[in-house]
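> Protein chains in written order, with the working numbering: chain A, 3 to 220; chain B, 92 to 347; chain C, 6 to 227.
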């Protein structure tokens with residue numbers, strides 16, 4: 003095992019790590035927006051919307067991410083405009099993450115004690131105000147730790163976009179492996195970078211959990 | 092039979108037992124009463140070393156429990172095997188029954204007989220059945236704990252402890268987790284045990300039981316036993332203001 | 006994509022499906038056994054061993070499955086581990102799964118109410134008897150839902166094996182797609198296939214889970 007290989011490629015790996023984080027971040031942000039809509043559909047009073055939301059979650063959690071990624075890629079190639087692979091990558095990650103985030107948000111909404119909404123209604127709050135001032139802030143607070151966890155999962159999932167050629171950590175590790183004929187060092191290097199990113203995120207998650215748990219329980 | 096001399100215990104910085112002296116004689120029934128957090132459960136759990144005590148001496152039938160003489164003249168923790176042997180002779184009944192949910196009532200009672208007393212399956216089952224009959228639950232032998240009421244579960248728990256033929260029984264708030272209606276059936280079993288001469292140390296809030304069945308009441312507050320005597324005296328003529336205050340609020344809340 | 010095409014490729018697709026099932030079953034079995042062993046070893050509370058275990062779990066849960074596969078398949082020969090793609094795939098899936106199962110079993114052990122252990126101690130049961138007769142049954146019952154969930158996740162992870170050329174279903178489909186230039190249709194079919202498969206397995210899994218938990222825990226059936 004020659005650690006020098008990792009050191010020499012440090013620059014490339016760092017750049018690739020930045021790409022991984024950027025792609026995952028874009029995925030989770032777009033995923034949040036889509037997921038919020040899906041969640042709204044899931045909790046809607048209209049049955050057809052609920053079914054639609056349910057179907058979305060079922061499809062995007064049931065189909066493996068790799069299949070989703072290739073599907074989006076080929077779909078865009080077949081019907082779409084000439085978009086760079088990165089669009090397919092972020093799009094697939096976002097669509098997939100949206101399904102999980104919708105469930106996280108739904109769980110968070112359910113976790114807000116019913117009594118709070120009831121108390122607000124009894125005091126004469128409007129429905130919109132109950133949402134804005136009571137339900138939403140708490141739901142967002144409750145969902146922050148699982149969302150950070152989702153970000154960690156997305157960082158790992160982003161390794162799959164290497165198959166459509168995005169120069170993120172896994173792809174760059176593969177390149178290093180073929181160029182230096184040292185696959186062990188290349189993938190250990192890539193793995194270490196992933197670990198570093200995830201350990202940071204894990205720490206962030208722990209901090210968030212502590213601070214948010216404290217703020218809520220008064 | 093049980094002798095506590097200056098037993099102390101702390102959980103970190105918090106001292107729970109302060110040099111407690113207590114004795115329970117053969118066939119005596121002693122009830123430990125006192126406010127929450129006074130240390131009564133901790134004291135009880137020290138007797139079979141479920142909680143290790145820090146200092147003092149705890150003897151059962153003359154034998155020190157939990158510790159043995161160390162190589163340099165000091166004291167060290169008793170060997171696990173010796174501790175297990177001692178525990179066979181001590182029966183314990185818990186507030187939350189602690190029956191094993193994946194075994195029937197009969198299996199719950201028979202299991203210690205098989206694993207600890209090393210009885211054969213047949214003999215263990217027979218003895219277990221006898222015990223269940225003793226507590227009035229022969230009909231429920233094949234029921235799983237989830238199908239039994241709280242009172243029934245606690246009686247099975249008593250049968251489980253009794254089946255080991257212990258020399259003494261420890262009861263940790265045996266009826267505190269029960270619906271009021273179910274308390275009676277458990278107290279009846281305990282009364283019959285006392286009548287048969289079982290040595291019992293009972294932590295309880297059931298003053299009626301304590302008044303009628305206990306030979307002695309020990310009142311514990313903030314880790315110290317501040318009164319110890321026959322029920323009549325402790326309940327009605329205690330010299331300790333703290334005891335009178337505790338019983339007064341109890342009377343206020345419970346007489347209607 | 007015509008039916009003739011699918012018929013022509015049917016043997017390779019079926020073989021691919023068989024490989025998928027093989028990898029999933031073998032990988033899951035390896036993961037369960039290894040994960041359980043790790044969970045047991047952890048209970049011995051030997052600091053250096055526990056440190057190693059924590060590092061193992063962090064490693065396999067903190068890095069992407071694909072990178073782990075590459076490491077084993079492409080990097081393995083450097084340390085004398087020359088495995089076929091399928092063997093590497095099974096080993097990779099097993100190691101990956103074991104890290105998750107180890108945590109699942111740990112949670113299972115933690116879920117056994119301490120009172121039941123105290124009851125065993127109070128009658129003088131040995132630690133090994135307590136473990137076998139009280140702890141293990143309780144832990145396994147508690148772990149069933151999480152185990153079923155993980156097994157479903159593993160069925161989806163098998164498609165990643167195609168990237169290291171394991172001849173499972175995804176790989177066969179992509180080969181067929183490349184040879185017949187029907188990439189879009191093929192992937193679409195795969196998506197439908199996996200959706201139905203996972204949905205069916207999830208529903209089956211829920212039913213099995215409810216039945217098994219109820220049976221083992223002997224819950225009162227209404």
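A virtual CB, placed ideally from N, CA and C, is assigned to each residue, including glycine. Remember, predicted model here, so these are calculated numbers, not experimental data.
List the endpoints of the continuous alpha helix (DSSP H) containing residue 134 of chain C.
The count along the third chain starts at 1 and reaches residue 134 of chain C at position 129. Looking at the DSSP string, the run of the alpha helix (DSSP H) that includes residue 134 of chain C is 132-135.
> Would you list, in chain order, the members of the stretch 183-208 of chain B that have their beta-carbon closer than 7 Å to a beta-carbon of chain C?
The stretch 183-208 of chain B vs chain C, Cβ under 7 Å: 183, 185, 187, 189, 191, 192, 193, 202, 203, 206 and 207.
> Residue 101 of chain B lies in the alpha helix (DSSP H); which residues open and close that run?
Numbered from its first residue, the second chain carries residue 101 of chain B at position 10. First-last for residue 101 of chain B: 93-102, but that is the beta strand (DSSP E), not the alpha helix (DSSP H).
> Taking only beta-carbon atoms, is residue 179 of chain C less than 7 Å away from chain B?
What you label residue 179 of chain C is simply residue 174 of the third chain in a count that begins at 1. Not an interface residue.
> Tell me which residue opens and which closes the alpha helix (DSSP H) that residue 260 of chain B is part of.
On the second chain, residue 260 of chain B is found 169 positions in, with the first residue counted as 1. Where residue 260 of chain B is concerned, there is no enclosing alpha helix (DSSP H), although the beta strand (DSSP E) it sits in stretches over 259-263.
> Could you tell me whether any Cβ in chain A is nearer than 7 Å to the Cβ of residue 61 of chain C?
Walking along the third chain from the start, residue 61 of chain C turns up at place 56. Cβ-Cβ to chain A under 7 Å: no for residue 61 of chain C.
> Within the 7 Å Cβ cut-off, does residue 93 of chain B reach chain C?
Translated into positions along the second chain, residue 93 of chain B becomes position 2. No, residue 93 of chain B does not count as interfacial toward chain C.
> Helix, strand or coil for residue 310 of chain B? Go by DSSP, reduced to three states.
Looking up residue 310 of chain B in the second chain gives position 219. Strand.
> Round the Cβ separation of residue 219 of chain B and residue 200 of chain B to the nearest angstrom and send it over; I've been treating them as touching at under 8 Å.
Taking the second chain and counting its residues from 1, the one referred to as residue 219 of chain B is at position 128. Taking the second chain and counting its residues from 1, the one referred to as residue 200 of chain B is at position 109. Rounded, the Cβ-Cβ distance is 4 Å, consistent with contact.
> If the cut-off is 7 Å on Cβ atoms, which residues from the stretch 104-132 of chain C count as contacting chain B, listed in chain order?
The residues in question are 120, 121, 123, 124, 126, 127, 128, 129, 130 and 131.
> I need the straight-line Cα distance from residue 93 of chain C to residue 187 of chain A, nearest angstrom please.
In the third chain, the residue the question calls residue 93 of chain C occupies position 88. In the first chain, the residue the question calls residue 187 of chain A occupies position 185. Answer to the nearest angstrom: the Cα atoms are 18 Å apart.
> Using a Cβ-Cβ cutoff of less than 8 Å, which residues in the same chain neighbour residue 131 of chain A once the five nearest sequence positions on both sides are dropped?
Taking the first residue of the first chain as 1, we reach residue 131 of chain A at position 129. Once the five neighbours on either side are set aside, the close Cβ partners of residue 131 of chain A are 122.
> Would you kindly report the start and end of the unbroken beta strand (DSSP E) that includes residue 168 of chain A?
For the purposes of this step, residue 168 of chain A is taken as the residue at position 166 of the first chain. No beta strand (DSSP E) holds residue 168 of chain A; DSSP gives it neither H nor E.
> Which residue comes first and which comes last in the alpha helix (DSSP H) that contains residue 15 of chain C?
Locating residue 15 of chain C in the third chain gives position 10, counting from the first residue. Taken as a continuous stretch (DSSP letters only), the alpha helix (DSSP H) holding residue 15 of chain C covers 8-47.
> Can you tell me where the alpha helix (DSSP H) with residue 121 of chain C in it begins and where it stops?
Looking up residue 121 of chain C in the third chain gives position 116. Element bounds for residue 121 of chain C: 119-127.
> Answer yes if the stretch 117-125 of chain C comes into contact with the stretch 58-66 of chain C, meaning at least three C-beta pairs across the two stretches below 8 Å, and no otherwise.
The stretch 58-66 of chain C vs the stretch 117-125 of chain C: no contact.
> Cβ closer than 9 Å: which chain C residues qualify as neighbours of residue 255 of chain B?
Stepping through the second chain from its first residue, residue 255 of chain B is reached at position 164. Residues of chain C passing the Cβ test: 128 and 129.
> Who pairs with residue 134 of chain A in a beta bridge, going by DSSP?
Along the first chain, one-based indexing puts residue 134 of chain A at 132. Paired residues: none, contrary to the question.
> Please name the residue in B/309, B/268 and B/340 whose C-alpha comes closest to that of residue 187 of chain B.
Here residue 187 of chain B corresponds to residue number 96 of the second chain, with the count starting at 1. Comparing Cα positions, the closest option is B/268.
> Can you list, in chain order, the residues of its chain with a C-beta nearer than 8 Å to that of residue 167 of chain A? Leave out the 5 residues immediately preceding and following it.
Taking the first residue of the first chain as position 1, residue 167 of chain A is located at position 165. If we look at residue 167 of chain A and ignore the five residues flanking it on each side, its Cβ neighbours are 87 and 173.
> Report buried or exposed for residue 78 of chain C, applying the criterion of at least 16 other Cβ atoms within 10 angstroms of its Cβ.
Here the question's residue 78 of chain C lines up with position 73 in the third chain. The residue is buried, with at least 16 neighbouring Cβ atoms inside 10 Å.
> At a CB distance below 8 Å, what residues from the stretch 108-141 of chain B approach chain F? Give them in sequence order.
Here the protein chains are A, B and C, and chain F is not one of them.
> Please identify the residue among C/193, C/202 and C/215 whose C-alpha is closest to the C-alpha of residue 74 of chain A.
As a working note, residue 74 of chain A is residue 72 in the first chain. Closest option to residue 74 of chain A, Cα to Cα, is C/193.
> For residue 258 of chain B, decide whether its Cβ has a neighbour in chain C, counting only Cβ atoms nearer than 7 Å.
Looking up residue 258 of chain B in the second chain gives position 167. Not one chain C Cβ lies under 7 Å of residue 258 of chain B.
> Compare the C-beta of residue 204 of chain C with all C-beta atoms of chain A and state if any pair is closer than 7 Å.
The residue given as residue 204 of chain C occupies position 199 in the third chain. For residue 204 of chain C, the answer is yes, since a Cβ of chain A falls inside 7 Å of its Cβ.
> Kindly list the residues whose CB is nearer than 8 Å to the CB of residue 223 of chain B, restricted to its own chain and excluding five residues on each side of it in sequence; keep chain order.
Taking the first residue of the second chain as position 1, residue 223 of chain B is located at position 132. Once the five neighbours on either side are set aside, the close Cβ partners of residue 223 of chain B are 196, 197, 200, 229, 231, 232, 247 and 250.
> From residue 20 of chain C to residue 106 of chain C, what does the alpha carbon distance come to, in whole angstroms?
By one-based count along the third chain, residue 20 of chain C stands at place 15. By one-based count along the third chain, residue 106 of chain C stands at place 101. About 29 Å.
> Please classify residue 343 of chain B: does DSSP put it in a helix, a strand, or coil?
The count along the second chain starts at 1 and reaches residue 343 of chain B at position 252. Looking at residue 343 of chain B - three-state DSSP - the assignment turns out to be helix.
> Pick from A/57, A/82 and A/136: whose alpha carbon is nearest that of residue 117 of chain A?
As a first step, residue 117 of chain A must be located in the first chain, where it is residue number 115. Among A/57, A/82 and A/136, the Cα nearest to that of residue 117 of chain A belongs to A/136.
> Quick check: what's the CA-CA separation for residue 313 of chain B versus residue 97 of chain B?
In the second chain, the residue the question calls residue 313 of chain B occupies position 222. In the second chain, the residue the question calls residue 97 of chain B occupies position 6. The straight-line gap from Cα to Cα measures roughly 15 Å.
> Looking at residue 197 of chain A and residue 67 of chain C, is the spacing between their C-beta atoms short of 7 Å?
Within the third chain, residue 67 of chain C is the residue found at index 62, counting from 1. Within the first chain, residue 197 of chain A is the residue found at index 195, counting from 1. Cβ atoms of residue 67 of chain C and residue 197 of chain A: closer than 7 Å.
> I'd like to know whether the C-beta atoms of residue 124 of chain B and residue 262 of chain B end up nearer to each other than 7 Å.
Locating residue 124 of chain B in the second chain gives position 33, counting from the first residue. Locating residue 262 of chain B in the second chain gives position 171, counting from the first residue. No, Cβ-Cβ distance for residue 124 of chain B and residue 262 of chain B is not below 7 Å.
> Can you tell which of C/27, C/34 and C/81 has the C-alpha that lies nearest to the C-alpha of residue 189 of chain A?
Walking along the first chain from the start, residue 189 of chain A turns up at place 187. The candidate whose alpha carbon is nearest that of residue 189 of chain A is C/81.
> Give the secondary structure of residue 320 of chain B by DSSP, where H, G and I count as helix, E and B as strand, and everything else as coil.
In the second chain, the residue the question calls residue 320 of chain B occupies position 229. The answer is strand: DSSP assigns residue 320 of chain B an E or B state.
> Does the beta-carbon distance from residue 204 of chain B to residue 254 of chain B come in below 7 Å?
Start at 1 with the first residue of the second chain, and residue 204 of chain B comes out as number 113. Start at 1 with the first residue of the second chain, and residue 254 of chain B comes out as number 163. Contact: yes.
> Output, in sequence order along the chain, the residues in the stretch 63-75 of chain C whose CB is closer than 8 Å to any CB in chain A.
Against chain A - using a Cβ distance shorter than 8 Å - the residues of the stretch 63-75 of chain C are 63, 64, 67, 68, 69, 70, 71, 72, 73 and 75.
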